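Note that our numbering has the sequence shown beginning at -13, numbered continuously upward.
Beta carbons: idealized from backbone N, C-alpha and C, even for Gly.
Values in this document were obtained by computation on a predicted structure and should not be read as measured data.
Inspection log for the structure reproduced underneath, given as structure tokens.
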Amino acid sequence: MESILDFDQPLNVQIFDQVASMLSTGNQFDIVRAQEVLTKFQEHPDALYRVDKILMESNNMNSRFIALQVLNDGIRTRWMTIDEHNQSMIRNFIINLIAQECTSFSRIRQQRALLTKMNSVLVSIAKREYPTHWSNCIQDICTSADPSTPMVENNLNLLKLMGEEMFVFEEKSMTSRWAARRREALKEDFQYIMNLCGMVIVSASDPLLLKAAVETLAIFVPFIEPAVVIHPEILVHLTNFVTGDINVRLPALRCLTEYFSIKLDRGSTGDAERNLLIEAFRAAFGYIVNCLPASHSSIIEKTTFFYEEGGPEEQEFISVLNLMLDAFLQQYITYITYDDALLVASHEMMVGMSGIEDQQMFKTCVKYWCKLGEHILEGAASNVKKNISSKLQKVLSHVRFILIKRMAKPEEVIIVQEEGEFRRERVKDVEQLHMYELMRNTLVVLTHIDARDTQSIMVRLMEKQLDRSEWSWDNCSRLAWAVGAISLAMPPEQESALFTTIISGLLTLCKESHGKDNRAAVASNVLFVAGQYPRYLRRHPKFLAAVTRKVFSFMEETFPGVQDMSVDTFYKLCEQLGGCYVQRLEDGPLSFAESTAQNWTLTVSALSRQQIETCFAAVGFWVAAEEREKQANLLEMLLHDTNALFKQLVENYAHQGRVYCQDEAYMMELLHYLRIFSHIAGTCGDAFVNEMYLIALDLFGLYRLFTDVQTQTLASAGASAGALNNSMESTRCMRLCKREILKILEAFIENSEQLDYISQNVIGEIFSTVLVDYQNSIPAVKEAGAMALAAASVRTLGARLSDKCDSILSCTFDTTVAMIAGSFETYPEFRLQLLKLLQALNEHCFDAFIRYASSAENVLDGLLWSIKHFDYPTMSTALETLDRLLEKVVESSYAEQFYTAYIDKIFQEVLFAAMDTLHAAGFPFHCRILRKLFGLSDSMPADMPVLGRRAVLDFLVTQLLGIPTQTVASITEFVTTCFDKYPLEAAFNTCIADFLIESKVWGAEQENRLLQEEEERKRAQTIPGYVPMTNTAF
């Protein structure tokens, strides 16, 4: 078996066939062994020169496929290293192989897999050669066989594959110049493709041959000018095919879809082409309607029945027809408004498709209805739009009904029905959430067109739920989801009527429902709808109070998911309507917020700790909305019981701190109170300063206590890994508490306006307690939140902390770098928070930061190292920070000194990061930074050392010559183009993208040279007296 790996001896094809056969006929051991040997054979550089023997002498299909794969890989990776004579021999060899297999239609179809592989090899050659070395490639293929000969079928398949590989999928990996050149060449050569496809379509009768011709034409239609592809005779035949042979009808529909997607110019030529396409659609649509079942009267019912009662072929036909209908109507609806029959019938067919249980088809339909609605609503009203709206009134009513009946589940609803049981949703269905957003937008648009119709449908469906004629959890829920989706889409009066009708109906259903499951399901609908109508609730504070009390009652339900939804709805109501809760009600001296705060602990007593913490975050919006002089009182009422329990715990810690720190129950209780503080601090705004007066000293005291206990515990644990892990587990609760204290301080500082209080009473403690602990503690117990707190302090206090910049970085930078420098993966949160700290210092304390960075070179080195990260948050934050730093430096007095020291290093690191495919997501940032660098260099004298244009060119040529696909000439051209294009963002980005593509393609320099020679040759042909430039040295 291993003898085939001896490349010093002639290849024994018989042995090679035996090894290849083992892949499908051998036992498990033989298969593994054969795979290893064949893999080594394929990877050997000389394997390329043995494939001709295999392909000529072997009849084993596995052997021939392996040989073709080796040949394809060689062409893809080594083509430019092969001399022109051998390139021509390989090309001719493949062409002859293909010709040998195309002796008859039956053989072509029997050997389709093998021919497809051979075709792909020839396409790989065409990718490298067309249109420079093999300029007549397409012409050769199209004219090598008469339409009546068998080989024409494979030629069409070859052209189709070439279109897919070279124009549909390949262009993203080509430079903009090469893509444009190839398209120009295709425009010149398309006449041959059109002639071949046209002759087959018009004259052939073999269905499979017709299929190949139509599929090939469909591939190239999007790339060619309309005047060339819109041919009346071909359109007539395509329309006839849509109800013809089963092999041709789907390709014909797909081809017509491409035709109807063409963007036509305005003017007489465009109008003529448009009329041809409209007539083609009218004919095809008429044929299709006549083929629908006659058992139903309306096109809506006929379409649905045809799909539901048909087999896979009929269903696929409707699916493809859906795409064609969508393409035509999007482009031509305004041009068929005069034809009432066609306008209504085509949209009725789309309605029938909207009712079919096929997710992809339904999605296409919903997108179309959304665009149609936007078209009617956008811009100035016109007679055309009025005609569309009036003529399609019944159609749009059908669509509203379908959308309401099929409304997808929104993210807020977490109770789902699975296998007949109601459960709490554990994993979000991303596809369904996307579908809900699409359906919501569509229903909103259609409601704006006719709000009364939407209201009528919803009220009618609710009545059927109440009289139980159509009751089901699914029907009730989808109606509720649809009602929630159209919030703010109706005029206020109509919205009020609809909301009260639906919410009253749901509450009635909730009372009448038997069993916890049904009550929970309806309760979820009540909660969802209630959270979606802030405008109505804002205008009706009493109703808001009643709804909120109902939400509180649902908080006592124990069915999985109901409490969570109740809490989420309460949070949403408070966030949107915080001001309404603090308004005094007409029937009492207190506001709803004040009366609730008096019994707040009892109100949330049935909830879990996590849910209680969310509720405190919700009522924080009440405090923020309250009048300033009343905020402290409301906050004290809400936190009264929490403060009392917290103070009691703090006293216990003060007396027996170490004992309590080891008690997990006590620590989790303390953690709960700290989380309450952090949650409410994040939403109540500046009012939290009143709470900080009470707890600030306790927070810092607890932080110091936990730091001391952590230090002692770890010191006593010893250095062994096991002991350290045990001690880490015992201090886990302390770490969680420290983390929460940092969150409290960060939320307070981020939202506070009390800058003097923070500067005088908080910042000092942060430095002496938090940052010193961060600097001195071992990595295992450091908290990334310390840097987040420092960054928040810088953002809030700004220049007040300029004199502390050195201290902040001294406590954080070096110790963090020591943790993360070993890899790109460990401590991801620390990397991100350090970058955000640098970002904050750069934005708000720039002078102090740049002075520190200039004296400590490791700051910029660390920033440049950070842009090499692969995770997007770290990479993007580093790039954004570097971009903003360069922007601020240019405007400062440090510009020349800074850039003289760092421009070369920044150029090098950013360019090499951009050339790494794992950093593709950072491309916009890379371009922005490089534009700044080229712009700065261009503003300096050209011969200035380091910063001048010549110095930058010399440096980049030296650095980039290490790329095997680049030469001095190509790099010089790239840098010169960058200097020319940097004022234009789009042109500069294209230049960078082209360079990155060329840097990854072996032989890019040769391809650029060929392109240049081709352009010079064309100029010489078209410009009298023009002499082509040559590369010959004097």
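So which of the options has the shortest CA-CA distance to residue i?
i: valine 767; options: Ala778, Thr802 and Thr255; result: Thr802
i: phenylalanine 674; options: Leu688, His830 and Ala603; result: Ala603
i: threonine 89; options: Val138, Thr699, Met104 and Ala471; result: Val138
i: valine 756; options: Arg781, Asn737 and Glu726; result: Glu726
i: isoleucine 220; options: Ser594, Ser134 and Leu196; result: Leu196
i: tyrosine 519; options: Ile488, Asn504 and Glu543; result: Ile488
i: leucine 942; options: Lys891, Glu599, Leu850 and Ala618; result: Lys891
i: serine 134; options: Phe155, Ile111, Ile681 and Asp192; result: Asp192
i: leucine 147; options: Gln125, Ala112 and Pro117; result: Ala112
i: aspartate 902; options: Ala881, Arg914, Thr951 and Ser985; result: Ser985
i: lysine 377; options: Phe387, Val330 and Thr350; result: Val330
i: valine 186; options: Glu201, Gln562, Leu523 and Asn46; result: Glu201
i: leucine 54; options: Lys103, Val636 and Val938; result: Lys103
i: isoleucine 662; options: Ile342, Thr600 and Ala776; result: Thr600
i: proline 546; options: Tyr557, Glu637, Leu680 and Val399; result: Val399
i: glutamate 751; options: Leu683, Ile730, Tyr522 and Leu144; result: Leu683
i: arginine 817; options: Gly784, Ala864 and Leu871; result: Ala864
Going by the DSSP bridge assignment, what does residue i pair with across the sheet?
i: serine 577; result: Arg570
Output yes or no for whether 8 Å exceeds the beta carbon distance between residue i and residue j.
i: glutamine 894; j: glutamine 945; result: yes
i: proline 814; j: aspartate 857; result: yes
i: serine 162; j: threonine 976; result: yes
i: tyrosine 968; j: arginine 936; result: no
i: phenylalanine 607; j: alanine 531; result: no
i: threonine 867; j: leucine 824; result: yes
i: alanine 509; j: valine 533; result: no
i: leucine 465; j: methionine 444; result: yes
i: methionine 335; j: threonine 243; result: no
i: phenylalanine 292; j: leucine 328; result: no
i: leucine 34; j: valine 18; result: no
i: arginine 93; j: glutamate 87; result: yes
i: glycine 491; j: glutamine 451; result: yes
i: threonine 669; j: glutamine 696; result: no
i: serine 552; j: leucine 513; result: yes
i: leucine 239; j: leucine 307; result: yes
i: alanine 198; j: leucine 142; result: yes
What residue does the alpha helix (DSSP H) around residue i start on, and which one ends it?
i: glutamine 518; result: Taken as a continuous stretch (DSSP letters only), glutamine 518 belongs to no alpha helix (DSSP H), as it is neither H nor E.
i: glutamine 346; result: 345 to 363
i: methionine 930; result: Run containing methionine 930: none; DSSP gives neither H nor E here.
i: glycine 948; result: First-last for glycine 948: undefined, no H or E at that position.
i: tyrosine 318; result: 298 to 318
i: lysine 197; result: 193 to 206
i: aspartate 792; result: 791 to 806
i: arginine 19; result: 14 to 29
i: arginine 721; result: 718 to 737
i: arginine 914; result: 909 to 925
i: threonine 1040; result: No answer is possible for residue 1040: the residues shown for the chain start at -13 and end at 1020.
i: phenylalanine 607; result: 595 to 611
i: aspartate -8; result: Run containing aspartate -8: none; DSSP gives neither H nor E here.
i: proline 478; result: 478 to 498
Legend entry - Segment contact flag, the stretch 416 to 430 with the stretch 495 to 502, C-beta cutoff 8 Å, min 3 pairs: Per the Cβ contact rule, the stretch 416 to 430 is not in contact with the stretch 495 to 502 (fewer than 3 Cβ pairs under 8 Å).
Inset, instruction - Could you tell me whether the stretch 161 to 181 touches the stretch 204 to 223, where touching means 3 or more Cβ pairs closer than 8 Å? - result: Taking 8 Å as the limit for Cβ pairs, the verdict is that the stretch 204 to 223 does touch the stretch 161 to 181.
Inset, instruction - Could you tell me whether the stretch 456 to 464 touches the stretch 430 to 438, where touching means 3 or more Cβ pairs closer than 8 Å? - result: Contact annotation: the stretch 456 to 464 does not touch the stretch 430 to 438, with fewer than three C-beta pairs closer than 8 Å.
Inset, instruction - Determine, using beta-carbon pairs with one atom in the stretch 643 to 661 and one in the stretch 610 to 619, whether at least three such pairs fall under 8 Å. - result: Not touching, per the Cβ criterion.
Legend entry - contact_flag[the stretch 73 to 80, the stretch 22 to 33] where n(CB pairs < 8 Å) is 3 or more: Result no; under three Cβ-Cβ pairs closer than 8 Å.
Legend entry - Sufficient close CB pairs (3 or more, under 8 Å) joining the stretch 273 to 282 to the stretch 250 to 258: No contact exists between the stretch 273 to 282 and the stretch 250 to 258.
Inset, instruction - Determine contact between the stretch 630 to 649 and the stretch 585 to 598, defined as no fewer than three beta-carbon pairs at a distance below 8 Å. - result: Pairwise C-beta distances place the stretch 630 to 649 out of contact with the stretch 585 to 598, as fewer than three of them are shorter than 8 Å.
Inset, instruction - Would you check if there are 3 or more beta carbon pairs closer than 8 Å linking the stretch 343 to 359 to the stretch 396 to 404? - result: The answer is no - the stretch 396 to 404 does not touch the stretch 343 to 359, with fewer than three Cβ pairs under 8 Å.
Legend entry - Given 8 Å, three or more beta-carbon pairs between the stretch 788 to 799 and the stretch 768 to 780: Cβ pair count under 8 Å is three or more, so yes.
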